[in-house]
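Read the structure below first, then the notes.
Now the structure itself:
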């Protein structure tokens, strides 16, 4: 009977340990939708879309032309890599970003707002 109780205790303890494990499948990024900026708390780096380079940039400091208006207003997004901006269109759809949308890198020039685009041939 003593062996059964010890076995039961060991199984119960193992179950408690398994439930205490945390999800380590990704990085908890902070996404600031009003500025379309990501922050990685682990590396303390920001990622933003650089309009002049037409690409995403990562650095420890934001350029002077970019700012986060409210550091406490962010969405936490778990992502399993460092290229979180790949999912930026989905994040904009989910969390909104009316002030500063990131433009995708394209081979064609982006037309100005309200312009008519001729059909592709």
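In this note's numbering, the protein residues as written are 22 to 142. For each residue, glycine too, the CB sits at the ideal point set by N, CA and C.
(request) Determine the contact status of residue 69 and residue 57, defining contact as a CB-CB distance below 9 Å. (result) For the purposes of this step, residue 69 is taken as residue 48 along the chain shown, with counting starting at 1. For the purposes of this step, residue 57 is taken as residue 36 along the chain shown, with counting starting at 1. Yes.
(message) For a test of your reading of the model: does the CB of residue 96 fall under 8 Å from any non-hydrogen atom of the ligand NAD? Yes or no.
(response) Absence of the ligand NAD is noted for the structure shown, with no ligands found whatsoever.
(request) Apply the 10 Å Cβ neighbour rule to residue 107 and answer buried if 16 or more other Cβ atoms are within range, or exposed otherwise. (result) By 1-based counting over the chain shown, the position of residue 107 is 86. Residue 107 comes out exposed.
(request) For residue 118, count neighbouring C-beta atoms within 10 Å of its own C-beta (all shown protein chains included) and say buried if the count is 16 or more, exposed if not. (result) Locating residue 118 in the chain shown gives position 97, where the first residue counts as 1. By the beta-carbon neighbour count (other beta carbons within 10 angstroms, threshold 16), residue 118 is buried.
(request) Could you tell me which of 103, 115, 114 sits nearest to residue 47, measuring between CA atoms? (result) On the chain shown, residue 47 is found 26 positions in, with the first residue counted as 1. Among 103, 115, 114, the Cα nearest to that of residue 47 belongs to 103.
(message) Short of 7 Å in beta carbon distance, which residues of its chain neighbour residue 89, apart from the five on each side in sequence? Order them along the chain.
(response) As a position in the chain shown, residue 89 is number 68, starting the count at 1. Counting only Cβ-Cβ distances below 7 Å, and skipping sequence neighbours, we find 53, 56, 58.
(request) Classify residue 104 as helix, strand or coil using the three-state DSSP reduction. (result) Residue numbering aside, residue 104 sits at position 83 when the chain shown is read from its first letter. If DSSP states are grouped into helix, strand and coil, residue 104 belongs with coil.
(message) Does residue 65 pass the burial test, meaning 16 or more other C-beta atoms within 10 Å, or should it be called exposed?
(response) On the chain shown, position 44 is the one that residue 65 refers to. By the 10 Å Cβ count, residue 65 comes out exposed.
(request) Give me the Cα-Cα distance between residue 81 and residue 51, rounded to the nearest whole angstrom. (result) By 1-based counting over the chain shown, the position of residue 81 is 60. By 1-based counting over the chain shown, the position of residue 51 is 30. Roughly 14 Å separates the two Cα atoms.
(request) Excluding the 5 residues preceding and the 5 following residue 98 in the sequence, name in chain order all residues of the same chain whose CB lies nearer than 6 Å to its CB. (result) Taking the first residue of the chain shown as position 1, residue 98 is located at position 77. Correct list, in chain order: 50, 52.
(message) With H, G and I counted as helix, E and B as strand and the rest as coil, what does DSSP make of residue 123?
(response) Taking the chain shown and counting its residues from 1, the one referred to as residue 123 is at position 102. Any reading at residue 123 needs caution, since the residue's pLDDT is 48, under 50, leaving its predicted position unreliable; the model's value is listed next. Here residue 123 carries a coil assignment [DSSP, helix/strand/coil].
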